[in-house]
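In terms of numbering that gives the first Met the number 0, the sequence shown opens at residue 0 and continues consecutively. Beta carbons: idealized from backbone N, C-alpha and C, even for Gly. All figures in this text were calculated on a predicted structure; none of them were measured in a lab. Here is the structure we will look at.
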Amino acid sequence: MSLTQLLVPTFTQFLRGLSSWLDKAAAHRQAIDAEPDALLSERLAADMYPLAAQIRFACFQALEPVCRLRGEPLPDALLAVRQEGWNANAQPGTWSDAKARLADALALLDGLSPNALDAGGALPIALELPNGVVFDMTGEQYARDWALPQFYFHVVTAYAILRNQGVELGKADYVSYMLAYLRPGTMPQG
0 MSLTQLLVPT FTQFLRGLSS WLDKAAAHRQ AIDAEPDALL SERLAADMYP
50 LAAQIRFACF QALEPVCRLR GEPLPDALLA VRQEGWNANA QPGTWSDAKA
100 RLADALALLD GLSPNALDAG GALPIALELP NGVVFDMTGE QYARDWALPQ
150 FYFHVVTAYA ILRNQGVELG KADYVSYMLA YLRPGTMPQG
């Protein structure tokens, strides 16, 4: 399986899922006469980033590999999404902002060629964290050991925040993309 085949469908499926979870969350908030924007400041623990940040970080983590695996610098627009995540404690933005970030990320992923990331497998990646720690790895190692785990962390944290706030999400919402593989006649009735 190529890097493009591994990463792009994964990022796309889960960002679409996250967008649909936000739709369910907005409907839930409307049903209880509450604004969805208030959810953006919710978090699982006091020392964790809020939902607004998790959404931005999921978008950033989906798009960062697109640049790194092509040997390109991270564009200012992508760095701005990460900065929005870092600033989300004080400035969570709006529900429509969050949905727009997801739509923008999905549009970029949808526009990639079928082999857009494949040449990056052996590319040396130097990943420098804000605290100065640097990880040196190949593109394949970066995809496996950084890009996917970081992406999943932020998507799962967003899911958990929404569930914690009473949004009715279940496993079927988390893996809705699996319906493409459903064997006919095997879905339980009722």
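| Item | Value |
| --- | --- |
| Residues bridged to residue 136 by DSSP? | 124 |
| For the alpha helix (DSSP H) holding residue 163, just list the boundary residues, first then last. | 147-163 |
| Count the other C-beta atoms from every protein chain shown that fall within 10 angstroms of the C-beta of residue 174, then say buried if there are 16 or more, exposed otherwise. | exposed |
| Is it the case that the Cβ atoms of residue 48 and residue 84 are separated by a distance below 9 Å? | yes |
| Tell me the residue span of the alpha helix (DSSP H) that contains residue 64. | 50-67 |
| Between 179, 181, 157, which has its C-alpha nearest residue 23's C-alpha? | 157 |
| Pick helix, strand or coil for residue 45, following the three-state DSSP scheme. | coil |
| Give the DSSP-derived three-state secondary structure of residue 172 in the structure shown. | helix |
| Short check: CB of residue 55 to CB of residue 97, under 9 Å? | yes |
| Once DSSP output is grouped into helix, strand and coil, what is the label at residue 166? | coil |
| What did DSSP end up calling residue 4 once you bin it into helix, strand or coil? | helix |
| Just mark residue 178 as buried or exposed, buried being the case when its beta carbon has 16 or more other beta carbons within 10 Å. | exposed |
| What separation, rounded to the nearest whole angstrom, lies between the Cα atoms of residue 15 and residue 159? | 16 Å |
| Closest to residue 52 by C-alpha separation, out of 39, 61, 63, 64, would be which residue? | 39 |
| Pick helix, strand or coil for residue 84, following the three-state DSSP scheme. | helix |
| Near residue 165, what residues of its chain come up, given a Cβ to Cβ distance below 7 Å and the 5 sequence neighbours on each side ignored? | 27 |
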